[in-house]
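A.B. asks: I'd like to ask you about the structure that follows.
Numbering (UniProt numbering), first residue to last: 1 to 320.
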C-alpha cells in the first residue's frame with residue numbers, strides 16, 4: 001500500500017521555522033490486525049494546522065518515519081483474533097480517534113505515557129495519510145450516516161478540542177441557552193467548531209476577525225454578530241451587541257493569545273471562563289493580575305510549549 005511521510009534531501013532535520021520538508025510517497029506492507037485491533041481501509045483524511053507545523057519543524061517529535069495526518073475515516077476491512085462479534089465490525093464505517101492516552105477523565109490524560117496525537121511524530125507511530133491503518137477497537141467510533149467521508153474525517157481533532165473547551169471546561173450553563181460566548185479569530189477549525197457547537201446549544205455567539213467576509217460567514221453559520229479586532233475600540237462595539245440584560249461574556253474561546261487576552265478578560269464575567277487552545281504567538285501577559293482575578297479557569301492547549309523560553313507565559317499551562 002501507499003503511505004506519505006515527510007523527508008529531507010540530506011536526511012537531517014532543519015531549523016524550526018526555516019524549513020519546509022518535502023513529502024515522500026512510500027510503499028509499505030498492509031498491517032495485520034492483532035488482538036483487539038481493526039484493519040481499516042481509509043476513505044478520507046483531513047488536514048490540521050499541526051500538519052503545517054510538522055512540515056516546518058515547529059512541532060515536538062517531528063519524524064521522517066511516521067505517516068502524516070491525525071484525522072481520518074474508513075471502512076473496517078478485517079479484525080484481530082480477539083475482537084468480540086468480529087463479523088459485526090466488518091464493512092462498518094468508522095471515525096478514528098486522532099489521539100491515544102486520554103479516554104474520558106475530565107482533568108487530563110489517564111495514561112502514564114500522556115496524550116499522544118497521531119501523525120508525523122515519534123510520539124505515536126500512526127498516521128492517516130495512508131491506505132490502511134490498524135487501531136484498537138476502542139479507538140474508533142461509528143461514523144454518523146448523515147456525514148460524508150470528508151465531513152467525518154474533518155470532525156475529530158478540532159471537534160474534540162472545541163467541545164472540551166466549550167462544554168467540558170466552560171460547563172453546561174456557560175455554553176447553552178442564555179450564555180454569551182465570544183470566539184476570537186474566527187476562521188480556523190477549532191473556532192468554527194466552537195461556533196457551531198455553541199450555536200446549536202442555544203448560546204449567543206459573537207466572533208472577532210480581521211476579515212469582514214469571515215465575520216459575515218460566521219453570522220451565516222449561527223453567530224449573533226462580530227467585530228473587526230483591528231478597529232479602534234472594537235471591545236466597546238462588541239459589548240453593545242450583547243442582548244438586553246447581558247453586560248459581560250460567560251466564556252471566551254481563543255486560539256491566538258496576545259492583546260486579545262488582556263482586552264478580553266475585561267469583557268468576561270467574574271469567575272467565568274477564558275479558554276485558550278492550540279498555538280499562538282509568543283507573548284508575555286503584561287498584567288497577570290487582570291487574568292487571575294476574573295477568571296475561573298484559564299488553560300492553554302498547545303503543542304509548542306517546548307519551543308517557548310521559560311516564564312514566557314504568565315498564565316497556567318495545561319491541556320484543555
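Just so you know, even glycine gets a beta-carbon here, dropped at the ideal spot from N, CA and C. What you are looking at is a predicted structure, and each value in this text was computed from that prediction instead of being measured.
Kindly indicate which three-state DSSP category residue 204 falls into: helix, strand or coil?
C.D. replies: strand
A.B. asks: Would you check if there are 3 or more beta carbon pairs closer than 8 Å linking the region 169-184 to the region 198-206?
C.D. replies: yes
A.B. asks: Tell me the rounded alpha-carbon separation between residue 316 and residue 29.
C.D. replies: Confidence at residue 316 is low in this model, with a pLDDT of 31, below 50, so the placement of that residue is unreliable and no value is reported for it.
A.B. asks: Quick check: the Cα distance between residue 8 and residue 267, rounded to an integer number of angstroms?
C.D. replies: 47 Å
A.B. asks: Where in the region 188-239 do unbroken runs of the alpha helix (DSSP H), each at least 4 residues long, occur, reported from the N-terminal end onward?
C.D. replies: 189-200, 212-220 and 234-239
A.B. asks: Using DSSP with H/G/I as helix, E/B as strand and the rest coil, what is residue 251?
C.D. replies: Here residue 251 sits in strand by DSSP.
A.B. asks: Excluding five sequence neighbours on each side, which residues of the same chain lie with their C-beta closer than 8 Å to the C-beta of residue 304?
C.D. replies: Caution applies to residue 304, whose pLDDT of 37 falls short of 50 and renders its modelled position unreliable; the value that the coordinates give is listed next. Excluding sequence neighbours, residue 304 sits near 53, 58, 59, 60 and 279.
A.B. asks: Does the Cβ of residue 130 have 16 or more other Cβ atoms within 10 Å, making it buried, or fewer, making it exposed?
C.D. replies: buried
A.B. asks: If you count every other CB in all the chains shown that lies within 10 Å of the CB of residue 289, and 16 or more means buried, which is it?
C.D. replies: Residue placement at residue 289 is flagged as unreliable, the pLDDT there being 44, under the threshold of 50; a coordinate-derived value is accordingly withheld.
A.B. asks: Could you give the distance in angstroms between the alpha-carbon of residue 175 and the alpha-carbon of residue 157?
C.D. replies: 20 Å
A.B. asks: Taking the alpha carbon of residue 112 as the point to measure from, which residue in 121, 118 and 101 has its own alpha carbon closest?
C.D. replies: 101
A.B. asks: What's the gap between the Cα of residue 91 and the Cα of residue 78?
C.D. replies: 8 Å
A.B. asks: Check residue 18 in the structure and name its three-state DSSP category.
C.D. replies: Secondary structure of residue 18 (DSSP, three-state): coil.
A.B. asks: How long is the line joining the alpha carbons of residue 148 and residue 218, rounded to whole angstroms?
C.D. replies: 22 Å
A.B. asks: Using the three-state DSSP reduction, which class does residue 408 fall into: helix, strand or coil?
C.D. replies: Lying outside 1 to 320, the shown extent of the chain, residue 408 is not represented and no answer is given.
A.B. asks: When we look at the beta-carbon of residue 273 and count the other beta-carbons within 10 Å, is it buried (16 or more) or exposed?
C.D. replies: buried
A.B. asks: For residue 2, which three-state DSSP category applies?
C.D. replies: strand
A.B. asks: Measuring only the C-alpha atoms, how far is residue 5 from residue 65?
C.D. replies: 7 Å
A.B. asks: Any idea what DSSP makes of residue 155, helix, strand or coil?
C.D. replies: coil
A.B. asks: Can the beta-carbon of residue 75 be found closer than 8 Å to that of residue 140?
C.D. replies: No. Outside cutoff.
A.B. asks: Of the residues 10, 276, 48 and 35, which one's Cα is nearest the Cα of residue 120?
C.D. replies: 48
A.B. asks: Suppose you measure from the CA of residue 265 to the CA of residue 193; what does that come to, to the nearest Å?
C.D. replies: 22 Å
A.B. asks: Quick one: what's got a C-beta closer than 7 Å to residue 246's C-beta in the same chain, skipping five residues either side?
C.D. replies: Taken in chain order, the residues that qualify are 180.
A.B. asks: Would you kindly report the start and end of the unbroken alpha helix (DSSP H) that includes residue 264?
C.D. replies: 259-264
A.B. asks: Let me confirm a value: residue 233 is counted as buried when at least 16 other C-beta atoms fall within 10 Å, else exposed. Which label applies?
C.D. replies: Per the 10 Å Cβ criterion, exposed.
A.B. asks: Residue 294 by DSSP, collapsed to three states: which one?
C.D. replies: A caution first: residue 294 carries a pLDDT of 44, below 50, which makes its placement in the model unreliable, though a value can still be read off. In the structure shown, residue 294 sits in coil (DSSP, three-state: anything other than H, G, I, E or B).
A.B. asks: Unbroken alpha helix (DSSP H) runs of length 4 or more, entirely within the region 83-133: which are they?
C.D. replies: 86-89
A.B. asks: Apply the 10 Å Cβ neighbour rule to residue 105 and answer buried if 16 or more other Cβ atoms are within range, or exposed otherwise.
C.D. replies: It counts as exposed.
A.B. asks: So what does DSSP say about residue 177, is it helix, strand or coil?
C.D. replies: coil
A.B. asks: Residue 165 by DSSP, collapsed to three states: which one?
C.D. replies: helix
A.B. asks: I'd like the list of long-range same chain contacts for residue 82, defined as Cβ closer than 6 Å, with 5 residues on each side in sequence excluded.
C.D. replies: The answer, listed in chain order, is 35 and 36.
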